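Novice: Start counting the sequence shown at 643; every next residue gets the next number (the numbering used here).
Every residue gets a Cβ at the ideal spot worked out from N, C-alpha and C, and that includes glycine.
Bear in mind the structure is a predicted one, so any value in this text is a computation, not a measurement.
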Amino acid sequence: MSPNVTVVKPADILDNNKAVSFRRQIIEGAKQASMVLVDFSQVTFMDSSGLGALVLARKEVRNAGSQLYLCSLNHQLQMLFELTSMDQIFDIFTDQEEFKRQYLDPLG
Numbered sequence: 643m644s645p646n647v648t649v650v651k652p653a654d655i656l657d658n659n660k661a662v663s664f665r666r667q668i669i670e671g672a673k674q675a676s677m678v679l680v681d682f683s684q685v686t687f688m689d690s691s692g693l694g695a696l697v698l699a700r701k702e703v704r705n706a707g708s709q710l711y712l713c714s715l716n717h718q719l720q721m722l723f724e725l726t727s728m729d730q731i732f733d734i735f736t737d738q739e740e741f742k743r744q745y746l747d748p749l750g
């Protein structure tokens, strides 16, 4: 996408079994770029452990001076974010193209 953006693309289920590795992927991405975009297009389900890992990762990413963005949430994820008010905390985009238009295009 861009040298300033690392895309993290988890897959399948984000639960207690995958939460720690998911958080590490995001933190590693922040070490490589000033922006980390988590693309959820391949995620079928996320529970509170996955959400907790994302919240912890956001804090660590911000402490490192980077920014965390999300895109491609399915209906279940959208509901989870709305019910927990996490949609007010995270910058969420429809897909990678919308993110690119807003943050990477010279006129956007």
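Since LEU656 contacts VAL685 with CB under 8 Å, what's their CB separation in whole angstroms?
Specialist: Right, their Cβ atoms sit about 6 Å apart.
Novice: In terms of alpha-carbon separation, which member of LEU746, THR648, MET728 lies closest to LYS673?
Specialist: Checking every option, the nearest Cα to that of LYS673 belongs to THR648.
Novice: Would you identify the three-state DSSP class for ILE731, choosing helix, strand or coil?
Specialist: It is coil, neither helix nor strand.
Novice: Let's test the definition: count the other Cβ atoms within 10 Å of the Cβ of LEU679 and tell me whether it reaches 16, buried, or not, exposed.
Specialist: When all chains shown are included, LEU679 counts as buried.
Novice: Per DSSP, what kind of secondary structure is ALA661 in: helix, strand or coil?
Specialist: Helix, per DSSP.
Novice: For the candidate residues PHE723, SER708, ARG743, ASN705, whose alpha-carbon lies nearest to that of PHE682?
Specialist: Nearest C-alpha to PHE682: PHE723.
Novice: Buried or exposed: which applies to ARG665, given that a residue is buried once 16 or more other Cβ atoms fall within 10 Å of its Cβ?
Specialist: Classification for ARG665: buried.
Novice: Give the secondary structure of LEU617 by DSSP, where H, G and I count as helix, E and B as strand, and everything else as coil.
Specialist: In this structure the chain extends from 643 to 750, so residue 617 is not present and cannot be described.
Novice: Taking just the CA atoms, how far does ALA653 sit from GLN744?
Specialist: Between GLN744 and ALA653, the C-alpha separation is close to 25 Å.
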